[in-house]
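Asks:
Residue numbers (the numbering used here), protein chains in the order written: chain E, -12 to 126; chain A, 12 to 320.
This is how it looks when you write it as C-alpha cells:
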C-alpha cells in the first residue's frame, strides 16, 4: 500500500528534475530545505531522522539534489522526504514537505482491535514493516 | 516519440545572429563594464573576450543541436597579489550567468581554511558544505596551492582536493571552479596534481600593473570615495608608487588602496589639527602632497629607492 504523506503523494513519484524545480521554488521563497528519512511509515510518526543540516544559505537546488543522491546511496530502501522550513518570524515552521524516495515494496498497515471492558473496542493501525526491527524493515 | 522529434526539429533555428545574441544576452554590457572599470590588464580582457566568444558560439551550437556536452568552464587565474583576480572572477560569474552557463551567478570566495578541516573526518563535510553553497554559481579558491602540502603526507588538503575534483568532473552543469594564486606556485601545484590541470580549460595570467596604471587606479579609487588629488598630491603619488614597488610585500592595487586609506587618515588629522576656520567641501576632499609624503615609504628610501628595506 502506497503511503500518502506530505504534498504530491497522490501523484506518481516525482522525477529528479521535478524535485529540483520544487526545491528551487522553496529556496527562492527563502525557506531552508533539508532531507529526512525513516523506516517507520506510521502516519503519526512526525519526527523523522535528519540527513545533514537544513540548508539555510544554499541558493541553488543542486546542493539538495547532491545530498539526496548521497542519502539514497545509504538509505535508498527507506522513506526520504524533503522538508522546507520557513524561518521567518511568525511562521517558524515547515511550509512544504514531500516524499522523494520510498521502499520498493510498501506492505501497508494492519488494523488491530483490542477488546476492552464493557464490549468496548480500541483500534490501532500498525505498519507491517514495523514488525521487523528498525534498520532491517525494508531490506 | 516521433511527434516530439519533429517538434524538436521545428524549434531548432536555422541561422543564428551572433551579434544580436551578443547584445541581447547582456554579454556586451559585461565586457564594456570590464573595459571601463578595470584599468590595464589588456591580456586578461583579451582572454575574457575570447572566452565569451567561445561560450556564445557554443551556446548557439547547442541551440542548433550541434553540441550537447557542457563545455569545461573551470579556470585558473594566476598573478601576483592585487592584480584584480577576485574582481575579474566576480565579473566572470556575471558573464557566465548571463550566458546561461550557471543558474545563479553568485561568487563564493574561499581559501584553504574554508575547505580543509582540523581533524579526521572534518574535511569532507566542510568541503561539501562550501560546494553546496557555491552550486549554481562560481567557487573561487584563492591561493589554491595551499590545498596541497607535499611535506605532510597526512595533510587533510588531499581529501579536499579529491572531493573537489570529483564534483568538478561530475557536476559541471552545477558549478564553475576558479583557482587563483601566484603563477610559480600554481604551476607547481598543477604539476603535482595533474587531475586539476586536465580539468581546467582556461588559464588566464594576470600581469603586474605599470606605474602609470596604478596611478590611474589610485585616482579612480579616490573618485569613488569623493576625494581627489591636487597637482602636488598627484606628483607625490606617482613618486610613491615608484618607491613602493621596490619594497617588499608590494601588492599592486591592494598596496595602493592601503596607501590611500592611510593618506585619508593623515588628511583628516591635518585638517583637524591645522584648520583655523570653517572648511570648504573642496578642502575636505583634497589629498595633497604632504598626506602622501609623510609615508614610511619615503623615509625608508630617500634616494632612488632601489635598496628596498
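No residue lacks a Cβ here, since even glycine has one placed at the ideal position from N, Cα and C.
(1) Compare the C-beta of residue 91 of chain E against all C-beta atoms of chain A and say whether one is closer than 9 Å.
(2) Entirely within the stretch 88 to 130 of chain A and at least 3 residues each: give me those beta strand (DSSP E) ranges in chain order.
(3) Three or more C-beta pairs closer than 8 Å, one from the stretch 20 to 38 of chain E and one from the stretch 111 to 128 of chain A: is that the case here?
(4) Among residues of its own chain, excluding the 5 on either side of residue 33 of chain A, which ones have a beta-carbon nearer than 7 Å to its beta-carbon?
(5) Apply the 10 Å Cβ neighbour rule to residue 141 of chain A and answer buried if 16 or more other Cβ atoms are within range, or exposed otherwise.
(6) Counting Cβ pairs, one atom from each stretch, are 3 or more of them under 8 Å apart for the stretch 180 to 187 of chain A and the stretch 71 to 90 of chain E?
(7) So, does the CB of residue 126 of chain E fall closer than 9 Å to a CB anywhere in chain A?
(8) Rounding to the nearest angstrom, what Cα-Cα distance links residue 14 of chain A and residue -2 of chain E in this structure?
(9) Which whole-angstrom value is the C-beta distance of residue 116 of chain E and residue 124 of chain E, which I expect to be below 8 Å?
(10) Could you spell out where the alpha helix (DSSP H) holding residue 134 of chain A opens and where it closes?
(11) Helix, strand or coil for residue 156 of chain A? Go by DSSP, reduced to three states.
(12) Using the three-state DSSP reduction, which class does residue 16 of chain A fall into: helix, strand or coil?
(13) Could you run through the stretch 95 to 118 of chain A and flag, in chain order, every residue whose CB is less than 8 Å away from some CB of chain E?
(14) At least one CB of chain A closer than 9 Å to the CB of residue 71 of chain E: is that the case?
(15) To which residues of the same chain is residue 235 of chain A closer than 6 Å at the C-beta, ignoring the five residues directly before and after it?
(16) Against chain E, does residue 186 of chain A count as a neighbour if the rule is that its beta carbon must be under 9 Å from one of theirs?
(17) Take the Cβ of residue 61 of chain E as the centre, count every other Cβ of all protein chains shown within 10 Å, and call the residue buried at 16 or more, exposed below.
(18) Please list, in chain order, the residues of the stretch 138 to 158 of chain A that have any C-beta partner in chain E closer than 9 Å.
(19) Check the DSSP bridge columns for residue 114 of chain E and list the partner residues they point to.
(20) Between residue 118 of chain E and the rest of its own chain, which residues show a CB-CB distance below 7 Å, the 5 nearest in sequence each way excluded?
(21) When you compare each of A:204, A:270, A:301 and A:283 to residue 295 of chain A by their alpha carbons, which one comes out closest?
(22) At 8 Å on the CB atoms, spell out the chain D contacts of residue 182 of chain A, in chain order.
(23) Tell me where the alpha helix (DSSP H) around residue 41 of chain E begins and ends.
(24) Name the DSSP beta bridge partners of residue 83 of chain E, please?
(25) Please list the partners that residue 45 of chain E has in chain A, where partner means a Cβ-to-Cβ separation under 7 Å.
(26) Can you pull out the residues from the stretch 28 to 42 of chain E whose beta carbon lies closer than 7 Å to at least one beta carbon of chain A?
(27) Would you check if there are 3 or more beta carbon pairs closer than 8 Å linking the stretch 138 to 154 of chain A to the stretch 217 to 230 of chain A?
(28) Could you give the distance in angstroms between the alpha-carbon of residue 301 of chain A and the alpha-carbon of residue 273 of chain A?
(29) Put residue 172 of chain A into one of helix, strand or coil per three-state DSSP.
(30) Does the beta-carbon distance from residue 270 of chain A to residue 255 of chain A come in below 9 Å?
(31) Taking 7 Å as the limit between beta carbons, can you name the residues of its chain near residue -7 of chain E, skipping five residues before and five after?
(32) For the stretch 185 to 192 of chain A against the stretch 153 to 170 of chain A, do three or more pairs of beta-carbon atoms, one drawn from each stretch, fall closer than 8 Å, so that the two count as touching?
(33) Do residue 91 of chain A and residue 212 of chain A have their beta-carbon atoms positioned less than 9 Å apart in this structure?
Replies: The relevant details are as follows:
(1) As a working note, residue 91 of chain E is residue 104 in the first chain. With 9 Å as the cut-off, residue 91 of chain E does not count as an interface residue toward chain A.
(2) Listed in chain order, they are 118 to 121.
(3) Segments in contact, no.
(4) If you number the second chain from 1, residue 33 of chain A lands on position 22. The residues are 39 and 67.
(5) What you label residue 141 of chain A is simply residue 130 of the second chain in a count that begins at 1. Answer is buried; the Cβ neighbour count reaches 16.
(6) Of all C-beta pairs linking the stretch 180 to 187 of chain A to the stretch 71 to 90 of chain E, fewer than three are shorter than 8 Å, placing the two stretches out of contact.
(7) As a first step, residue 126 of chain E must be located in the first chain, where it is residue number 139. False, the Cβ-Cβ gap to chain A never drops below 9 Å.
(8) The residue you call residue 14 of chain A lines up with position 3 of the second chain. The residue you call residue -2 of chain E lines up with position 11 of the first chain. Low confidence applies to residue 14 of chain A: its pLDDT is 46, below 50, so where it sits in the model is not reliable enough to give any reading.
(9) On the first chain, residue 116 of chain E is found 129 positions in, with the first residue counted as 1. On the first chain, residue 124 of chain E is found 137 positions in, with the first residue counted as 1. Taking C-beta atoms under 8 Å as the contact rule, residue 116 of chain E and residue 124 of chain E qualify, at a distance of about 4 Å.
(10) Residue mapping note: residue 134 of chain A aligns to position 123 of the second chain, counting from 1. Residue range 134 to 145 is occupied by the alpha helix (DSSP H) that includes residue 134 of chain A.
(11) On the second chain, position 145 is the one that residue 156 of chain A refers to. Note: residue 156 of chain A maps to helix in three-state DSSP.
(12) For the purposes of this step, residue 16 of chain A is taken as the residue at position 5 of the second chain. Because residue 16 of chain A sits at a pLDDT of 46, beneath the cut-off of 50, its placement in the model cannot be relied upon, and the point is left open.
(13) Taken in chain order, the members of the stretch 95 to 118 of chain A whose beta-carbon sits within less than 8 Å of a beta-carbon on chain E are 114, 115 and 117.
(14) As a position in the first chain, residue 71 of chain E is number 84, starting the count at 1. Taking a beta-carbon distance threshold of 9 Å, residue 71 of chain E does not count as an interface residue toward chain A.
(15) Walking along the second chain from the start, residue 235 of chain A turns up at place 224. For residue 235 of chain A, where only same-chain residues beyond five positions count, there are no Cβ hits under 6 Å.
(16) Along the second chain, one-based indexing puts residue 186 of chain A at 175. Yes, because at least one Cβ of chain E sits closer than 9 Å to the Cβ of residue 186 of chain A.
(17) As a working mapping, residue 61 of chain E is identified with position 74 in the first chain. Exposed, since its Cβ has fewer than 16 Cβ neighbours within 10 Å.
(18) Those would be 139, 140, 142, 143, 144, 145, 146, 147 and 148, in chain order.
(19) Working through the first chain from its first residue, we reach residue 114 of chain E at position 127. Bridge partners of residue 114 of chain E: E:96.
(20) Translated into the one-based positions of the first chain, residue 118 of chain E becomes position 131. If we look at residue 118 of chain E and ignore the five residues flanking it on each side, it has no Cβ neighbours.
(21) In the second chain, the residue the question calls residue 295 of chain A occupies position 284. When only C-alpha atoms are compared, the closest one is A:283.
(22) Included in the structure are the protein chains E and A, with no chain D among them.
(23) For the purposes of this step, residue 41 of chain E is taken as residue 54 along the first chain, with counting starting at 1. It is not in any alpha helix (DSSP H) - residue 41 of chain E instead sits in the beta strand (DSSP E) that spans 36 to 42.
(24) For the purposes of this step, residue 83 of chain E is taken as the residue at position 96 of the first chain. BP columns for residue 83 of chain E point to E:71.
(25) Mapped onto the first chain, residue 45 of chain E falls at position 58. Close partners of residue 45 of chain E in chain A (Cβ separation under 7 Å): 143, 144 and 146.
(26) So the close ones are 42.
(27) Remark: fewer than three beta-carbon pairs, one from each stretch, lie closer than 8 Å, so the stretch 138 to 154 of chain A and the stretch 217 to 230 of chain A are not flagged as touching.
(28) The residue labelled residue 301 of chain A in the question sits at position 290 within the second chain. The residue labelled residue 273 of chain A in the question sits at position 262 within the second chain. As the crow flies, the alpha-carbon of residue 301 of chain A is around 12 Å from that of residue 273 of chain A.
(29) If you number the second chain from 1, residue 172 of chain A lands on position 161. DSSP, reduced to helix, strand and coil, places residue 172 of chain A within a helical segment of the structure shown.
(30) Locating residue 270 of chain A in the second chain gives position 259, counting from the first residue. Locating residue 255 of chain A in the second chain gives position 244, counting from the first residue. Between residue 270 of chain A and residue 255 of chain A, the C-beta gap is smaller than 9 Å, which places the two residues in contact.
(31) The sequence position of residue -7 of chain E within the first chain is 6, counting from 1. Sequence-distant Cβ neighbours of residue -7 of chain E in its own chain, meaning closer than 7 Å and more than five residues away, are 68, 84, 85 and 86.
(32) Cβ pair count under 8 Å is three or more, so yes.
(33) The residue given as residue 212 of chain A occupies position 201 in the second chain. The residue given as residue 91 of chain A occupies position 80 in the second chain. Their beta carbons are not under 9 Å apart, which means residue 212 of chain A does not touch residue 91 of chain A by this criterion.
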